[in-house]
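Protein sequences appear in the order of chains L and V.
The number in this note's numbering is simply the position in the first sequence, starting from 1, with 48 added.
The number in this note's numbering is simply the position in the second sequence, starting from 1, with 1228 added.
Beta carbons are placed, not taken as given, at the ideal position from N, Cα and C, and that holds for glycine.
One structure below.
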Amino acid sequence: MVATGALGAVGAAAVAWPFINNLNPAADTLALSTIEVNVTPIAVGQAVTVKWRGKPVFIRHRTEAEIKEAEAVPMAQLPDPETDNKRVTDTAKKVRPEWLIMIGVCTHLGCVPLGNKPGDPKGEFGGWFCPCHGSSYDTSGRIRKGPAPKNLVIPDYLFTSDSLVRIG
Amino acid sequence: MASSHGTPPVFNNKVIAWVDHRLPIFSYIEKEYHTFPTPRNFNYFWNFGAIATVMLVLMIATGIVLATNYTPHVLMAFDAVERIDRDVQQGWLIRDLHMNGASFFFIAVYIHIFRGMYYGSYKAPRELLWILGVVIFLLMMATAFMGYVLPWGQMSFWGATVITNLFSAIPIVGESIVTWLWGGFAVDNPTLNRFFALHYLLPFIIVAVVALHVVALHVHGSNNPTGIDPKGPQDTVPFHPYYTMKDGFGVVCFLIVFSVFVFFAPDYLGHPDNYIPANPLVTPAHIVPEWYFLPFYAILRAIPDKLGGVLAMFGAIAVLFVLPWLDTSRVRSCTFRPIYKWFMMFLVVDVIVLGICGSKPAEGFWVPLSQLATLYYFAHFLVLLPVLGKIERPLPLPASIADSVLKKKAV
């Protein structure tokens, strides 16, 4: 009885699995997609939004003041502690503090935070502000206030030259 | 024709008698919808079950017709809906009926739920009947949410993004669940496709659960405004013609109000932003769900923590499942509960306040107000209900339903 039941359960799970896994991303969706962005036209203090894997990616050319501000924040004040240095390192371990590249999706419920365009509200910490539920991010894209639990996510990226960055 | 409950009916029509002898559908209708003994003292709150059923049928009928002109693809969905509105014969009417039908289905169901709570219809022996109702409510919410995504406007897209992201609050497996729901890295074509498939499926599951709801209802019969059980034939009337007529009248009145919206203000209950095609790179300045989700949305935002907010929101519905056991009072109807009656009315005000908070941006005094309203919502179910049942002294109950009706007439 027990053996029959166990075999039946294994069989049922084996049948159920293809149906469940069918809903996961398909091979073409999964296929590693990368984009290359030329960052030379982005002036200091400017930011652009590019689309990668259906999501916005923020590329901000930070000013000296913004970098200093981000580096000066004590870790104890951060809900999700992470040094600014770590957030501006590419996959070849090269640090470029002037370039902040992040996925522009609020870690609360997925809205696109404001702050990339000149007239946008940047929130209390001078970085980004999510209008949906009021999360504020600092000039390093780290969560400082509001319901979002994590810092804005840094994707894998690599500067193939001083002007060209490959995301993904 | 038999007149009393329990005696098998005799059919004079030979065809009907032949069929019924082999498949007793006519006996069933006769027993459950004609002679079925129903309390004689229903007020108009008892119309809303029938009204909700009519709305469900209307939603399925209009939905099937809409689906014949709709394309679930991110590049074509928005235009398909515009075409239905502008070019398809009577497409505007079918779409406005479906769009406003969702709102009016929720209006009917919210009044139906209020009726159940005010008159204690969830108490023994109707606990499972109530639980099936909450299941229907949950299925309706899922269906309405997925349906709202289909026109692929800005609110569709960002509503889908925010709601699917709720599951990312679940520790460890949350992110995988969200990817699984999306079928990709963001809300995109695979998401739209599966939402369409499920939006078409779920209403038929609702029909099945409604059938179970009705089966459970017909075991012990309906509750009534006094909350006391019928004691004999003097307390009941046959369902037909008494309540078929009364329900019919209620349905017509309800549909008149519905028609006013459909024909004169079809977009009043919607959001203009949903007439902007979905753009994954720009979030609208102010995201709000449809009005029927606003109280729950306010609860979500009232808690300043991602997981906590999500738990509170789902908890607000989960608490309804255990309502029959939270209420310790032996008296069903609020008519005879002098204290609880007012708290019940206050709960209605509280839910409306939550709804208003949910429609406002999460800033200023709306935040503490929604926190206060959330606190009352949960305190009502988890503290007031169990405690009041013990300390409240109910008013004397009438001897019978007939007694209460005849006394009222004499006054």
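| Check | Outcome |
| --- | --- |
| Taking the alpha carbon of G1344(V) as the point to measure from, which residue in D1555(V), P1494(V) and S1632(V) has its own alpha carbon closest? | D1555(V) |
| Run through chain V and tell me which residues come within less than 9 angstroms of N199(L), C-beta to C-beta. | The contacting residues do not exist; N199(L) stays about 14 angstroms from chain V at best. |
| Could you give the residue range of the alpha helix (DSSP H) that holds V1490(V)? | F1467 to F1492 |
| Along chain L, in chain order, which residues have C-beta atoms closer than 9 angstroms to that of E1591(V)? | G182 |
| How would you label E172(L), buried or exposed, when you count the other beta carbons within 10 angstroms and need 16 or more for buried? | exposed |
| Report the residues of the stretch 1505-1530 of chain V with a CB closer than 8 angstroms to any CB of chain L, ordered along the chain. | P1508, L1509, V1510, T1511, A1513, H1514, I1515 and R1529 |
| To be precise: take each residue of the stretch 153-165 of chain L, compare its Cβ to all Cβ atoms of chain V, and keep it if any distance is under 7 angstroms. Which residues remain? | H156, L157, G158, C159 and V160 |
| List the residues of chain L that R1565(V) touches, going by C-beta distances under 8 angstroms, in chain order. | What R1565(V) touches in chain L: nothing, since even the nearest Cβ is about 38 angstroms away. |
| My guess is that V1633(V) and R1268(V) are in contact by the Cβ rule of under 8 angstroms, so how many angstroms apart are they, rounded? | 6 angstroms |
| Measure from the alpha carbon of A1601(V) to the alpha carbon of each residue in P1589(V), A1590(V), G1583(V) and V1615(V), then state which is nearest. | G1583(V) |
| Given R192(L), which residues of its chain have a CB within under 6 angstroms of its CB, disregarding the five upstream and five downstream residues? | F173, S184 and D186 |
| According to DSSP, is W1519(V) part of a helix, a strand, or is it coil? | helix |
| Would V1337(V) pass as a contact of A1280(V) if the rule is Cβ separation under 8 angstroms? | yes |
| Using a C-beta to C-beta distance shorter than 8 angstroms, which residues of chain V count as neighbours of K30(L)? | There is simply no residue 30(L) to check, as chain L begins at 49 and stops at 216 in what is shown. |
| Which residues in chain V sit within 9 angstroms of P73(L), going by Cβ to Cβ distance? | T1407, W1408, W1410, G1411, G1412, F1413 and P1418 |
| With a Cβ-Cβ cutoff of 8 angstroms, do H181(L) and E146(L) count as a contact? | no |
| Name the two residues that bound the continuous beta strand (DSSP E) containing E84(L). | I83 to N86 |
| Would you verify that the beta carbon of K99(L) is, or is not, closer than 8 angstroms to some beta carbon of chain V? | yes |
| Measure the Cβ-Cβ separation of P195(L) and P1532(V) and say whether it is below 8 angstroms. | yes |
| Could you give the DSSP three-state label for I1504(V): helix, strand or coil? | coil |
| Give the range of the beta strand (DSSP E) segment to which W1594(V) is assigned. | From DSSP, W1594(V) is part of no beta strand (DSSP E) but of the alpha helix (DSSP H) over W1594 to A1607. |
| Which class does A1289(V) belong to by DSSP, given the choice of helix, strand or coil? | helix |
| Which residue comes first and which comes last in the alpha helix (DSSP H) that contains A1546(V)? | K1534 to F1549 |
| Given a cut-off of 8 angstroms, decide if P1622(V) and F1564(V) are closer than it, judged by their beta-carbon atoms. | yes |
| In chain order, what residues of the stretch 169-195 of chain L put their CB closer than 9 angstroms to some CB of chain V? | C178, P179, C180, H181, G182, G194 and P195 |
| Taking C-beta pairs closer than 7 angstroms, name the residues in chain L that L1394(V) reaches, listed in chain order. | L157 |
| Taking the runs of the alpha helix (DSSP H) that are 4 residues or longer, which of them lie wholly in the stretch 1317-1356 of chain V? | 1319-1346 |
| Quick check: D1324(V) and V1490(V), are their CB atoms within less than 8 angstroms of each other? | yes |
| Using DSSP with H/G/I as helix, E/B as strand and the rest coil, what is A1230(V)? | Here A1230(V) scores only 39 on pLDDT, less than 50, and its place in the model is too uncertain to base an answer on. |
| Apart from the five residues just before and just after S1598(V), which ones in its own chain have a Cβ nearer than 7 angstroms to its Cβ? | A1526, R1529, A1530, L1582 and C1585 |
| Note down the Cα distance separating A1278(V) from T1392(V), rounded to an integer number of angstroms. | 33 angstroms |
| Do the stretch 1539-1549 of chain V and the stretch 1588-1595 of chain V make contact, defined as three or more Cβ pairs closer than 8 angstroms? | no |
| Leaving out five residues before and five after S81(L) in sequence, what residues of the same chain have Cβ atoms less than 8 angstroms from its Cβ? | W100, R101 and G216 |
| Run through DSSP, which three-state label would P129(L) get? | coil |
| Which same chain residues end up closer than 8 angstroms to L1360(V) when comparing Cβ atoms and leaving out the 5 residues on each side of it in sequence? | V1437, L1440, H1441 and A1444 |
| Within the 8 angstroms Cβ cut-off, does D1170(V) reach chain L? | A question about residue 1170(V) goes unanswered here, because the residues of chain V that appear run from 1229 up to 1639. |
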